[in-house]
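Residue numbers (my numbering): 638 to 872.
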């Protein structure tokens with residue numbers, strides 16, 4: 638009987654306390670609405686984080702970017718050159734393109750056009766986003782850009798399309814009248830044959846200046862030029 642009285646008193650105290658706190662009978666003292674709001678807030682935060690982590694910048698439409706702007710031409714300087722031991726037309730070069738990984742190794746079929754001494758320290762344009770390829774066992778990470786003139790006897794005169802002396806190593810060439818370069822990967826250049834698609838439009842003009850469909854190859858120090866090959870294809 639005493640226990641029943643004690644229980645009734647305790648229940649009375651609980652009912653009185655719930656009334657003072659404005660709680661419904663049996664409701665936990667912590668505000669359930671507050672809990673719900675907190676859970677909703679956490680869910681929104683998680684969604685926001687997920688959304689932020691998966692947001693990507695949409696690339697410009699492919700047809701809005703000229704093919705030449707999908708290639709990357711860098712100012713470089715040949716710091717080391719030697720004859721390929723197994724290919725009589727190839728030079729192997731180390732070219733400083735101002736890159737943190739050090740000089741690029743590139744093979745060029747120029748032994749019939751330049752001596753070793755003429756090659757060393759030459760300033761050149763490097764097509765730097767080509768897929769690396771082995772040339773007679775030597776892995777070439779790009780190519781140097783040249784102009785070629787057909788002579789009266791049918792032979793070719795080949796020479797570099799050179800950047801100005803004051804153009805900094807590693808500078809990426811731009812094209813007058815075109816959007817800034819937006820280079821694609823070497824795999825894309827290879828798959829979509831982007832360099833080949835640009836080849837017909839790459840020529841030196843009557844002053845020897847390198848152009849693509851009359852858009853000049855430009856650096857911050859001026860245009861890139863071949864010394865004597867004028868009105869000639871570039872490759």
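Just so you know, even glycine gets a beta-carbon here, dropped at the ideal spot from N, CA and C. Note that the coordinates shown come from a computational prediction; the quantities given were computed from them, not determined experimentally.
Rounded C-alpha distance that separates residue i from residue j
i: residue 792; j: residue 837; result: 20 Å
i: residue 731; j: residue 775; result: 12 Å
i: residue 818; j: residue 857; result: 14 Å
i: residue 870; j: residue 786; result: 7 Å
i: residue 840; j: residue 784; result: 7 Å
i: residue 727; j: residue 751; result: 11 Å
i: residue 745; j: residue 711; result: 16 Å
i: residue 801; j: residue 862; result: 8 Å
i: residue 715; j: residue 759; result: 5 Å
i: residue 829; j: residue 701; result: 16 Å
i: residue 685; j: residue 747; result: Confidence is the limiting factor: at residue 685 the pLDDT is only 45, short of 50, which leaves the residue's position unreliable, though a coordinate-based value still follows. When rounded, the distance between both Cα atoms is 57 Å.
i: residue 847; j: residue 749; result: 22 Å
i: residue 704; j: residue 811; result: 13 Å
i: residue 860; j: residue 794; result: 21 Å
i: residue 872; j: residue 833; result: 9 Å
i: residue 743; j: residue 825; result: 20 Å
i: residue 733; j: residue 788; result: 32 Å
Coil, strand or helix - residue i by DSSP
i: residue 687; result: At residue 687, the pLDDT of 41 sits below 50, so the modelled position is not reliable and the matter cannot be decided from this model.
i: residue 862; result: strand
i: residue 835; result: helix
i: residue 682; result: Unreliable positioning characterises residue 682 in this predicted model, as indicated by a pLDDT of 49, which lies under 50. A coordinate reading is not provided.
i: residue 701; result: helix
i: residue 711; result: strand
i: residue 754; result: helix
i: residue 828; result: helix
i: residue 868; result: coil
i: residue 791; result: coil
i: residue 823; result: helix
i: residue 706; result: helix
i: residue 781; result: strand
i: residue 804; result: coil
i: residue 746; result: coil
i: residue 768; result: coil
i: residue 846; result: strand
i: residue 857; result: coil
Contact belief for residue i with residue j at Cβ below 8 Å, rounded distance in angstroms
i: residue 709; j: residue 831; result: In fact, because the Cβ distance is near 11 Å, the residues do not count as touching under 8 Å.
i: residue 866; j: residue 849; result: Not confirmed; about 16 Å, so no contact.
i: residue 706; j: residue 815; result: 6 Å
i: residue 779; j: residue 798; result: The Cβ separation is near 14 Å, so there is no contact.
i: residue 761; j: residue 713; result: 5 Å
i: residue 827; j: residue 768; result: 4 Å
Close-in-space but distant-in-sequence residues of the same chain around residue i (CB under 6 Å, 5 per side omitted)
i: residue 813; result: 852, 853, 855
i: residue 735; result: 806, 807
i: residue 719; result: 729
i: residue 821; result: 707
Exposed unless 16 or more other CB atoms sit within 10 angstroms - verdict on residue i
i: residue 766; result: buried
i: residue 722; result: exposed
i: residue 868; result: exposed
i: residue 796; result: buried
i: residue 737; result: exposed
i: residue 754; result: exposed
i: residue 803; result: exposed
Same chain, Cβ closer than 8 Å to residue i, five either side skipped, listed in chain order
i: residue 717; result: 730, 731, 740, 757
Cβ-based neighbour list, residue i, same chain, cut-off 7 Å, excluding 5 preceding and 5 following
i: residue 790; result: none
i: residue 864; result: 796, 845
i: residue 770; result: 777
i: residue 773; result: 721, 723, 724, 727
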